[in-house]
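For the record, in the sequence shown the residue sitting at position 296 is 580 according to our numbering, with numbers rising by one throughout.
Structure, as structure tokens:
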Amino acid sequence: MAETTFSNATQVLEAFRGIKKVTLEEYFTSGHRTCQGCESALIMKLMVKAAGPRTIVLGSTGCMYVANTTYYTTPWVVPWMHTQLGSSGSAALGTSAGLKALMAKGKMKAEPINVIAFCGDGGGADMGLGAISATLTHKEYNSLILMYDNESYANTDIQLSGSTPYGANTTFSPPGSVHRIMHKRWKKNMAGMMAAGHPECRYVATVCGSYAVEMMNKVRRALAIGGPTFIHSLDPCPKGWDYDPMLSHELGELAIETGIFPLYEVEDGVVKYYGKTKAIVDGRARKPVREYLLKQGRFAHFTEEDLGYFQAKVDEMWEKWEIPAVVPFRRLDAAKAALGKH
Ligand SMILES: Cc1ncc(C[n+]2csc(CCOP(=O)(O)OP(=O)(O)O)c2C)c(N)n1
Ligand code: SF4
Ligand SMILES: [Mg+2]
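Here it is in structure tokens:
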């Protein structure tokens, strides 16, 4: 056990030091019906591989529930339970509290069991935001909430969510002849919001399946540190984003290399960039966002003006935010200047 007391004991899950050190056992196997090239399915596989066999997984409604639980077939080797679309936070907290109570009463062998609740962006960034927030304030219960973000309500045919990028073509925002851009809101900043708004949540991270070992190591850190933790993964979705499935891995990389989706972790309030995002922070040029956007049919209607707007918003994240690409606060002097004060 990694921690000192029974009540907050966690498993010892050290980082995999390279691909050759990754364990061979799989706990999300064949038997699912996700689309070819589905990166959210890859995230499920990596997530539970990193966690290991003594793990309970709870999943809110969405593709990762529906496509993974056809009658009498399931890819899950560990115990798995469905929870309502907005309930990943409540499911994580309730399961963790239930295990703790059963162990304290001697009704279960006392051992650290990983509790992971996953949700999609519709279930997490929109409908279940309140329950996730509440769970992240309960430092006495260990759990990981992982939001797999395919940037739409994919399971019900690609409706836009609070996590859908500006301008994307979804079934709720098809470009028209009068209005080309039907979705004009900028995507929510989930990981930054969770980190900034929950001072006692010890660990928040962003991940992408294109960087599998790093992704698994963030899961292991989140589970081993104790208390409630949150991970946001960006998952290319061939159906919703409208591209050839063979591009999934490359699109994940491009999301990072363009600076649209930064990779970082926040542990006990300290921000640490990693991977290619760290290289950008250290001076490597970001690739133009058009290299990412124009590979996807959902942005096929974009004009030069739209591409320019998108690029300017991403530039702003990197050049104007107090913690670049993490938290959208401005420096105090800039804020005062904006208010006309000196
Ligand atoms: C309360 C509630 N409203 C609506 C639905 C219908 N519904 C099922 S899955 C889903 C989409 C969920 O989107 P997301 O959480 O992003 O997961 P994804 O399907 O993209 O994997 C919706 C709207 C539901 N199951 N429950
Ligand atoms: S619609 Fe997208 S998220 Fe859903 S199974 Fe297909 S690729 Fe995966
Ligand atoms: Mg979704």
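Even glycine gets a Cβ: it sits at the ideal position worked out from N, Cα and C.
By the 16-neighbour rule on beta-carbons within 10 angstroms, D441 is exposed.
The DSSP assignment places complete alpha helix (DSSP H) segments of no fewer than 4 residues inside the stretch 330-390 at 347-350, 372-388, in order along the chain. Our two residues, E549 and G511, have alpha carbons roughly 16 Å apart in a direct line. DSSP places P522 outside any beta strand (DSSP E); the residue lies instead in the alpha helix (DSSP H), whose first and last residues are 522-525.
Under DSSP, the beta-bridge partners assigned to A401 are L342, I429. Taking the Cβ of N434 as the reference point, at least one heavy atom of ligand 2 falls within a distance shorter than 7 Å. Excluding five sequence positions before and after P396, the CB atoms of its chain that fall closer than 7 Å to its own CB belong to M285, A293, T294, Q295, given in chain order.
The residue from V497, K472, S436, K471 with its alpha-carbon nearest to that of F456 is S436.
Scanning the stretch 513-567 from its first residue to its last, the whole alpha helix (DSSP H) runs of 4-plus residues come out as 522-525, 532-541, 559-565.
For D405, the CB falls within less than 7 Å of some heavy atom of ligand 3. Ligand 3 approaches A438 closely enough that one of its heavy atoms is under 7 Å from the residue's Cβ.
R464 and L531 have their C-alpha atoms some 26 Å from each other. The three-state reading of DSSP puts I416 in helix, counting H, G and I together. Taking the C-beta atoms as reference points, C492 is found nearer than 8 Å to L547. Contact annotation, D410 with M431: C-beta distance approximately 11 Å; criterion of less than 8 Å not satisfied.
In terms of Cβ geometry, A375 and L342 form a close pair [threshold 8 Å]. Counting along the chain, no alpha helix (DSSP H) covers A609, and no H or E run does either. With 16 or more other CB atoms across the displayed protein chains lying within 10 angstroms of its CB, M331 is buried. Contact between V497 and V361 is absent: CB atoms are separated by about 21 Å, not below the 8 Å threshold.
In this structure, C521 and N453 do not form a Cβ contact; the two beta carbons are roughly 13 Å apart against a cut-off of 8 Å.
Taken atom to atom, the span from the alpha-carbon of A394 to that of L383 is near 9 Å.
With distances taken between CA atoms, T448 lies nearest to D519 out of D519, V462, L428, A415. For V488, the enclosing beta strand (DSSP E) stretches over residues 487-492. Here Q443 is not near D526, since their CB atoms are 8 Å or more apart. The beta-carbon distance between I416 and I429, rounded to whole angstroms, is 5 Å. This is short enough to meet the 8 Å contact definition. Sequence-distant Cβ neighbours of Y311 in its own chain, meaning closer than 6 Å and more than five residues away, are V332, V361, V362. L369 has its Cβ nearer than 7 Å to a heavy atom of ligand 1.
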